[in-house]
Amino acid sequence: MAAAGDELRMWRNFQRRARFFRPDVGECRVKPPLFDYLVARSSDEAIRLLSDNPGAMILAGGQSLIPAMNFRLASPSALIDISRIAALKSIDIVDGNVRVGAAVKHRDLEQSDAAFAVNPLMRTALHYVAHVPIRNRGTTVGSLCHADAAAEMPMILLLSDGWVMAEGPNGQRKIPAAEFFEFHMTTTREADEMIVSATFPALPSGAGYAFAEFARRKGDYAVAAVGAILECDLDGRVAAARLAACGIASRPIRLFDVEASLVGANLSDAEIDAAGELAKEAVTAPDDANATTAYRQHLLASLTRRVIREASEKVRKG
Amino acid sequence: MSTRKFGAPIKRNIDPRLLTGRGAFTDDINLPGVLHAAFVRSPFARARINGIDTSIAEQAEGVVAVYTCDNIGHLDIELPLLIPHPSMTKARTQRPLARGDVYYVGQTVAMVVAVDRYVAEDAAALVDVDYDPLDVELDLEQAIEDGAPLVHPTHPNNIAADFTQVSGDPEAAFAEAEHVTRIRVQVDRSTAAAMECRTVAARYDATRGELTVWDGTQAPLGVRGGLASIFGMDEDKVRVIAPDVGGGFGQKVMFPYPDELLVPHAAIQLGRPVKYIEDRRENFIGSNQERTQIHEIELFAKKTGEVIALRDNFLHDTGAFIPYGIAVAQVASTSIAGPYRIPNIHVRFRAVYTPTVPVTPYRGCGRPQACFAIERAMDQLAEELGIDRFEIRRRNLIRDEDFPYTREGLLFADGLRVKLDSGQYLKALDMARDAIGWNEFAAMQSRAADEGKSLGLGLAYYVEGTGLGPYEGGHVKIHPITGKVYVNTGLTSQGQGHDTVFAQIVSDQLGVKVEDVIVVEGDTGTFEWGVATFASRAAVVSGNAIHKTAVKVREQTIKAAANMLEADPLQVVLSDGYAEVPGTNRRVSLAAVATATNPLRYAFNSAAQAATQFASASRHDGPPLIDGQHPGLEATDYFSPECATWAYGVHAAIVEVDRETCRVDVKKYICIHDCGNMINPVIVDGQVMGGFAQGIGGALYERIEYDTDGNPTNANFVDFLIPYATEVPAIEISHLETPSPLNPLGVKGVGEAGCIAVGATLASGIEDALRPMGGAKFHKTPITPSMIFEAMAKA
Ligand SMILES: Cc1cc2nc3c(=O)[nH]c(=O)nc-3n(C[C@H](O)[C@H](O)[C@H](O)COP(=O)(O)OP(=O)(O)OC[C@H]3O[C@@H](n4cnc5c(N)ncnc54)[C@H](O)[C@@H]3O)c2cc1C
Chain U
1 MAAAGDELRM
11 WRNFQRRARF
21 FRPDVGECRV
31 KPPLFDYLVA
41 RSSDEAIRLL
51 SDNPGAMILA
61 GGQSLIPAMN
71 FRLASPSALI
81 DISRIAALKS
91 IDIVDGNVRV
101 GAAVKHRDLE
111 QSDAAFAVNP
121 LMRTALHYVA
131 HVPIRNRGTT
141 VGSLCHADAA
151 AEMPMILLLS
161 DGWVMAEGPN
171 GQRKIPAAEF
181 FEFHMTTTRE
191 ADEMIVSATF
201 PALPSGAGYA
211 FAEFARRKGD
221 YAVAAVGAIL
231 ECDLDGRVAA
241 ARLAACGIAS
251 RPIRLFDVEA
261 SLVGANLSDA
271 EIDAAGELAK
281 EAVTAPDDAN
291 ATTAYRQHLL
301 ASLTRRVIRE
311 ASEKVRKG
Chain P
1 MSTRKFGAPI
11 KRNIDPRLLT
21 GRGAFTDDIN
31 LPGVLHAAFV
41 RSPFARARIN
51 GIDTSIAEQA
61 EGVVAVYTCD
71 NIGHLDIELP
81 LLIPHPSMTK
91 ARTQRPLARG
101 DVYYVGQTVA
111 MVVAVDRYVA
121 EDAAALVDVD
131 YDPLDVELDL
141 EQAIEDGAPL
151 VHPTHPNNIA
161 ADFTQVSGDP
171 EAAFAEAEHV
181 TRIRVQVDRS
191 TAAAMECRTV
201 AARYDATRGE
211 LTVWDGTQAP
221 LGVRGGLASI
231 FGMDEDKVRV
241 IAPDVGGGFG
251 QKVMFPYPDE
261 LLVPHAAIQL
271 GRPVKYIEDR
281 RENFIGSNQE
291 RTQIHEIELF
301 AKKTGEVIAL
311 RDNFLHDTGA
321 FIPYGIAVAQ
331 VASTSIAGPY
341 RIPNIHVRFR
351 AVYTPTVPVT
361 PYRGCGRPQA
371 CFAIERAMDQ
381 LAEELGIDRF
391 EIRRRNLIRD
401 EDFPYTREGL
411 LFADGLRVKL
421 DSGQYLKALD
431 MARDAIGWNE
441 FAAMQSRAAD
451 EGKSLGLGLA
461 YYVEGTGLGP
471 YEGGHVKIHP
481 ITGKVYVNTG
491 LTSQGQGHDT
501 VFAQIVSDQL
511 GVKVEDVIVV
521 EGDTGTFEWG
531 VATFASRAAV
541 VSGNAIHKTA
551 VKVREQTIKA
561 AANMLEADPL
571 QVVLSDGYAE
581 VPGTNRRVSL
591 AAVATATNPL
601 RYAFNSAAQA
611 ATQFASASRH
621 DGPPLIDGQH
631 PGLEATDYFS
641 PECATWAYGV
651 HAAIVEVDRE
661 TCRVDVKKYI
671 CIHDCGNMIN
681 PVIVDGQVMG
691 GFAQGIGGAL
701 YERIEYDTDG
711 NPTNANFVDF
721 LIPYATEVPA
731 IEISHLETPS
741 PLNPLGVKGV
751 GEAGCIAVGA
761 TLASGIEDAL
771 RPMGGAKFHK
781 TPITPSMIFE
791 AMAKA
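Those protein sequences? They're chains U and P, same order as listed.
Taking our numbering, I'd label the letters of the first sequence as residues 1 to 318.
Taking our numbering, I'd label the letters of the second sequence as residues 1 to 795.
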């Protein structure tokens, strides 16, 4: 991981390109450059096409990639469309966890009762991902691969301690969320690998959960969002806590200090306030047009307090 | 007699066509063999061009031509200064393609024409331009300091215009003041962001020497005048058609943009149609914007709260060029006293060049800035004097008996006097107070405070000078075959619903169904006198011209029908497409009347038999058309207003500021609005709501961002935040109808009304909500969560 100073510098460089593009770059336009379009019939074929076509990219729902191409931020030599691979379209409960195929649309996952029963955080957070027409096309795995630092689903994967399955010419490997998201729009996936699925583990039984977000407009990427999973022992003290946030750094972040402060707490107002204060330290995103750092810290503290309260209300004790 | 259509809430004629995708916008015009243009634009805010190498681009497959300033001949000029004014010296305007220097990121440097847009774009990227970047200053207040980098070396301190207007005797009044309130306010830059960006397509017919241009413009006649002048062609050899246009909001009244000249030029040169459809990024960096102004406003008052004088000194950002003159700043400076009597006014502005996209009107055109300045100052004065915010306004409003109220010494943007012609300002204020629930608010606010919530009430009053001249015309004709009525005028619609309101006006005079009145606008080939759509003027100026014309056609129709029905003209009534004598069975269709008034040789249908030479009613003792008579039922007339007519209104809101997220939640928003007689309340409400949505954008979300090098950093819809439907709260609108004495229909404009007061209203409400938290001031828009956080943190 980059050192704090480096990270800030990288952020600044990135920011100069705004979220998608920097209009002062001469070749920046809103029409895509020439590319080939290839349809894969199976995962194997997709992976083979990826190796055979240097500079090719996977096309899932296209809701992030196509704009990036139009702005000439991405100029793939070819697009490998995986959206018609039937095997990648299923949501399965495997070992009690939710496995989401690479071609599953956000909207299908959001509406899946089976997935909701296992890990309700996904549906809760998906309500905040863009708007219905975009969720009808965009895929959850595509969102994980795109790895926008303010995106909700990467944060939920991290919060839930999930993983993705990467497959390349040399077979499959499991990458835990904690190792997958490296930087804004950068993951540890190798160029010749495709992510075939993501697994969102079940919430611990009896755990309370909550998600809270603030965006300037409904459906926008988060200025900040926080998720929490809390477990309590019989006398109501916190036995285990997981919190994660997005929009506040160059990737989704676990709020380890907040978690540690909560273990053993009985969630008095003072303890919750203190947890909010601790959360502020996780903010590393510099000032941008939507938020100053100071405001983002204030916001993150508020959202953190809110999710702790809400999650604790949902906990089944013991 | 059928019921009156003027004032009826009739649905818009155009909606079914537009909403079912049957509109025809410029890009839908099918031009066989068309070529496509793309532009090379400056990547620097200010730079010297050492050279442009087009050789590689020219060789790219599919490229037909590459233009720079060196091969566009007579187009290599500074574009016209559309509205000259003595306050500007050597006003700077842009060249179609940069020569020597560039002045903002996005300025057009070269144009590539190719077989399709993709090829044109790719080839544009191959044009190699060698730039030497120069220093820039983006901050308006820094830009006028000595030693600041200059946008134009011709203009010291970057001052484009310096203009002062005075009404009354302010110096004397300043001395009599018992209290002075002084604040500094700032409104930031936004953009119209119409759904359809700008468009232009052109075809040249060499055998006839005729140029046809389809242009998504608000000013087809202006574009024709510009093209004819610059190309040295007769006006009637240039036809400009504004087809369906997806929103204008002022950005499209400006002309000519470089593409509006270069595309026709290429079409003439290459002998093939050429099309240019601006994309969203280009709209952000290449099409004009508005709003940034910094006002230092002072109110000189008596202890009673009566304001006896106002002094305002403001900076107006005009961007890199000033092609539309000082119009925006002038509207702001003449609207600065709002609805108040304030008899003594001293207002000065300086228009400042900055290396940014040029500034020309965007819906509101200086009015939102003026409203923000005076209304925030009124709130401040109220607070300082301990007077309630409604009461201080009540004490200063122009009273009913004061109308017309002239501000001697101030000239409006039409060069005519500022004369607030009519209104019920006090009644509107009372209505606003009742509608927002002022009497119950204090209790509500303290209940909310007990629950830890910050509730505030905001208020702002606005005036809107509308319906500017010089004139518009109308042409009305009843068709002999169908009996349908055709109406033309010189200005054009961008979705406002002109066709419906003009049809209502004509329907009342001619007794035909609204659907049977066909309004055709925006084609210089069908009507060639008039100005353009801007300044909320279509209903006032074209509406009255069409009304006057329809009255003439009514007279012709009644006279001819009386003759056919052998009745006294006073007995004849026009209703449901017929002329009839009530209480008898004598009636004749308008189609038949129109046919009968056209002496015919050939009976091409049965109605026409009655107009042929041997028919019973035909004359046999003289010419069929007597001297001075014209065939058919048809007239043309014009309306030229004496001066602008002033609409006005009050906005009030109850807002909650969430101290956790710093979000502003608008709980209730009311608008009292008076645009004189309403032709169609549905359309009036639509205009108010649309303006309101843009007002919400300006108040809370939209800000064009530039970095310190002059790079636009949010030139896209991801980062430039236009409110979605989910961000626009419900608005409750109530109307007053105080007729304007300045025109026969008694109407005033409504196009810009909705947006003017939103920033001031929400700032007032947010300030009120956070008053217990330390009394931070909100003197700048847009108001962002970060600003609210900062205000609370300071407390
Ligand atoms: C207006 C708008 C608002 C939005 N708001 C939000 C929001 O609030 N929150 C949010 O999280 N997202 C938001 N999005 C993004 C949306 O969620 C996208 O759908 C998602 O980020 C990407 O999914 P996709 O299927 O469209 O991926 P694509 O656009 O097809 O691909 C995205 C990237 O991931 C790569 N990729 C995709 N699938 C794979 C794979 N299986 N293996 C390897 N690489 C792969 C692609 O090559 C590409 O680089 C918004 C999008 C739009 C247009």
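No residue lacks a Cβ here, since even glycine has one placed at the ideal position from N, Cα and C.
Since the structure is predicted, the reported quantities are computational estimates derived from the model, not experimental observations.
message = Rounding to the nearest angstrom, what Cα-Cα distance links residue 177 of chain U and residue 202 of chain U in this structure?
response = Position 177 of the first sequence, counted from the start, is the residue given in the question as residue 177 of chain U. Position 202 of the first sequence, counted from the start, is the residue given in the question as residue 202 of chain U. Going from the Cα of residue 177 of chain U to the Cα of residue 202 of chain U covers about 15 Å.
message = Taking the alpha carbon of residue 345 of chain P as the reference point, which residue from P:790, P:744, P:169 has its own alpha carbon closest?
response = The residue labelled residue 345 of chain P in the question sits at position 345 within the second sequence. Measuring from the Cα of residue 345 of chain P, the nearest candidate turns out to be P:169.
ask   = Any chance the region 331 to 341 of chain P sits against the region 232 to 239 of chain P, with 3 or more Cβ pairs inside 8 Å?
value = no
ask   = For residue 454 of chain P, which of helix, strand or coil comes out of DSSP?
value = As a working note, residue 454 of chain P is residue 454 in the second sequence. The answer is strand: DSSP assigns residue 454 of chain P an E or B state.
task = Taking a Cβ distance cut-off of 8 Å, strictly less, list which residues of the region 718 to 750 of chain P are near chain U, in chain order.
result = 718, 719, 721, 723, 724, 726, 727
key: Under 9 Å between C-beta atoms of residue 115 of chain U and residue 91 of chain U   = Against the first sequence, residue 115 of chain U aligns to sequence position 115. Against the first sequence, residue 91 of chain U aligns to sequence position 91. Yes.
Member of P:503, P:164, P:490 whose CA lies at the smallest distance from the CA of residue 637 of chain P = Numbered from 1 along the second sequence, position 637 holds the residue referred to as residue 637 of chain P. The option with the nearest alpha carbon to residue 637 of chain P is P:490.
Three-state secondary structure assigned by DSSP to residue 735 of chain P = Here residue 735 of chain P is taken as the residue at index 735 of the second sequence, counted from 1. Reduced to three states, the DSSP call for residue 735 of chain P is strand.
message = Please confirm whether residue 786 of chain P has its beta-carbon closer than 9 Å to some beta-carbon of chain U.
response = Start at 1 with the first residue of the second sequence, and residue 786 of chain P comes out as number 786. At least one chain U Cβ lies under 9 Å of residue 786 of chain P.
inquiry  = Could you tell me the alpha carbon to alpha carbon distance between residue 16 of chain U and residue 670 of chain P, rounded to whole angstroms?
reply    = By one-based count along the first sequence, residue 16 of chain U stands at place 16. By one-based count along the second sequence, residue 670 of chain P stands at place 670. For residue 16 of chain U, the predicted structure reports a pLDDT of 39, less than 50, and the residue's modelled location is therefore unreliable. The matter cannot be settled from this model.
key: For residue 173 of chain P and residue 300 of chain P, the rounded distance between their alpha carbons   = Here the question's residue 300 of chain P lines up with position 300 in the second sequence. Here the question's residue 173 of chain P lines up with position 173 in the second sequence. If I take the Cα positions, the gap works out to 8 Å.
key: Cβ-based contacts, 8 Å cut-off: residues of the region 648 to 680 of chain P near chain U   = 660, 661, 662, 663
request  = Mind checking who residue 346 of chain P pairs with in its DSSP beta bridge?
outcome  = As a first step, residue 346 of chain P must be located in the second sequence, where it is residue number 346. Paired residues: P:166, P:311.
Where the beta strand (DSSP E) containing residue 173 of chain U begins and where it ends = On the first sequence, residue 173 of chain U is found 173 positions in, with the first residue counted as 1. First-last of the beta strand (DSSP E) with residue 173 of chain U: 171 to 176.
request  = Give a yes or no on whether the minimum CB-CB distance between residue 607 of chain P and chain U is below 9 Å.
outcome  = Here the question's residue 607 of chain P lines up with position 607 in the second sequence. Judged by the 9 Å Cβ criterion, residue 607 of chain P is not in contact with chain U.
request  = Report yes if the C-beta of residue 249 of chain U is less than 8 Å from at least one heavy atom of ligand 1; otherwise report no.
outcome  = Taking the first sequence and counting its residues from 1, one reaches residue 249 of chain U at position 249. It does not: the Cβ of residue 249 of chain U is nowhere closer than 8 Å to a heavy atom of ligand 1.
inquiry  = Can you list, in chain order, the residues of its chain with a C-beta nearer than 8 Å to that of residue 218 of chain P? Leave out the 5 residues immediately preceding and following it.
reply    = By 1-based counting over the second sequence, the position of residue 218 of chain P is 218. Once the five neighbours on either side are set aside, the close Cβ partners of residue 218 of chain P are 242, 245, 248, 250, 252, 253, 491, 492, 494, 532, 533, 534.
message = Below 8 Å, is the gap between the Cβ of residue 67 of chain U and the nearest heavy atom of ligand 1?
response = Counted from its first residue, the first sequence places residue 67 of chain U at position 67. For ligand 1, at least one heavy atom lies less than 8 Å from the Cβ of residue 67 of chain U.
ask   = Can you give the Cα-Cα distance for residue 521 of chain P and residue 503 of chain P, rounded to whole angstroms?
value = As a working note, residue 521 of chain P is residue 521 in the second sequence. As a working note, residue 503 of chain P is residue 503 in the second sequence. Going by the C-alpha atoms only, they are around 12 Å apart.
task = Answer yes or no: the CB of residue 63 of chain U versus the heavy atoms of ligand 1, is any distance below 8 Å?
result = In the first sequence, counting from the first residue as 1, residue 63 of chain U sits at position 63. Under cutoff, so the answer is yes.
inquiry  = Distance cutoff 9 Å, beta carbons only. Does residue 67 of chain U sit that close to anything in chain P?
reply    = As a working note, residue 67 of chain U is residue 67 in the first sequence. Judged by the 9 Å Cβ criterion, residue 67 of chain U is in contact with chain P.
request  = Closer than 9 Å by beta-carbon distance: list the chain P residues that pair up with residue 299 of chain U, in chain order.
outcome  = The sequence position of residue 299 of chain U within the first sequence is 299, counting from 1. In chain order: 660, 661, 662, 785, 789.
inquiry  = Would you call the region 455 to 468 of chain P in contact with the region 637 to 656 of chain P, where contact means no fewer than 3 C-beta pairs closer than 8 Å?
reply    = yes
request  = Could you name the residues of the region 679 to 708 of chain P whose beta carbon sits closer than 8 Å to any beta carbon of chain U, in the order they occur along the chain?
outcome  = 701, 703, 705, 707
query = Under 7 Å Cβ-Cβ, which residues of chain C neighbour residue 31 of chain U?
reply = Going by chain labels, chain C is absent from the structure shown, which instead holds the protein chains U and P.
inquiry  = For a test of the three-state rule: what should DSSP assign to residue 779 of chain P, helix, strand or coil?
reply    = As a first step, residue 779 of chain P is located in the second sequence; it is residue number 779 there, counting from the start. The answer is coil: DSSP assigns residue 779 of chain P none of H, G, I, E or B.
ask   = How many angstroms separate the CA atom of residue 280 of chain U from the CA atom of residue 227 of chain U?
value = Residue mapping note: residue 280 of chain U aligns to position 280 of the first sequence, counting from 1. Residue mapping note: residue 227 of chain U aligns to position 227 of the first sequence, counting from 1. If you take the alpha carbons of residue 280 of chain U and residue 227 of chain U, they lie about 15 Å apart.
request  = Taking residue 793 of chain P as the query, report the chain U residues whose CB atoms sit under 8 Å from its CB, ordered along the chain.
outcome  = Along the second sequence, one-based indexing puts residue 793 of chain P at 793. Simply 294, 298.
request  = Answer yes or no: does any C-beta atom of chain P fall closer than 9 Å to that of residue 290 of chain U?
outcome  = As a working note, residue 290 of chain U is residue 290 in the first sequence. Yes - at least one Cβ of chain P is within 9 Å of the one on residue 290 of chain U.
Own chain, CB closer than 7 Å to residue 277 of chain U, minus 5 neighbours either side, in chain order = The count along the first sequence starts at 1 and reaches residue 277 of chain U at position 277. Same-chain partners within the cutoff: 301.
inquiry  = Less than 9 Å between CB atoms is the rule here; does residue 279 of chain P satisfy it with respect to chain U?
reply    = Taking the second sequence and counting its residues from 1, one reaches residue 279 of chain P at position 279. True, the Cβ-Cβ gap to chain U drops below 9 Å.
Partners in chain U for residue 50 of chain P, counting only beta-carbon separations shorter than 7 Å = As a first step, residue 50 of chain P is located in the second sequence; it is residue number 50 there, counting from the start. Within 7 Å Cβ-Cβ: nothing; residue 50 of chain P doesn't reach chain U, min ~15 Å.
query = Fully enclosed by the region 174 to 230 of chain U, which alpha helix (DSSP H) runs are 4 residues long or longer?
reply = 177 to 180
Sufficient close CB pairs (3 or more, under 8 Å) joining the region 345 to 358 of chain P to the region 111 to 127 of chain P = no
request  = Between the Cα of residue 379 of chain P and those of P:182, P:98, P:516, spot the shortest distance and give me the residue it belongs to.
outcome  = By 1-based counting over the second sequence, the position of residue 379 of chain P is 379. That would be P:182, whose Cα lies nearest to the Cα of residue 379 of chain P.
inquiry  = Just to confirm the assignment: which complete alpha helix (DSSP H) runs, minimum length 4, are found wholly within the region 316 to 368 of chain P?
reply    = 327 to 334
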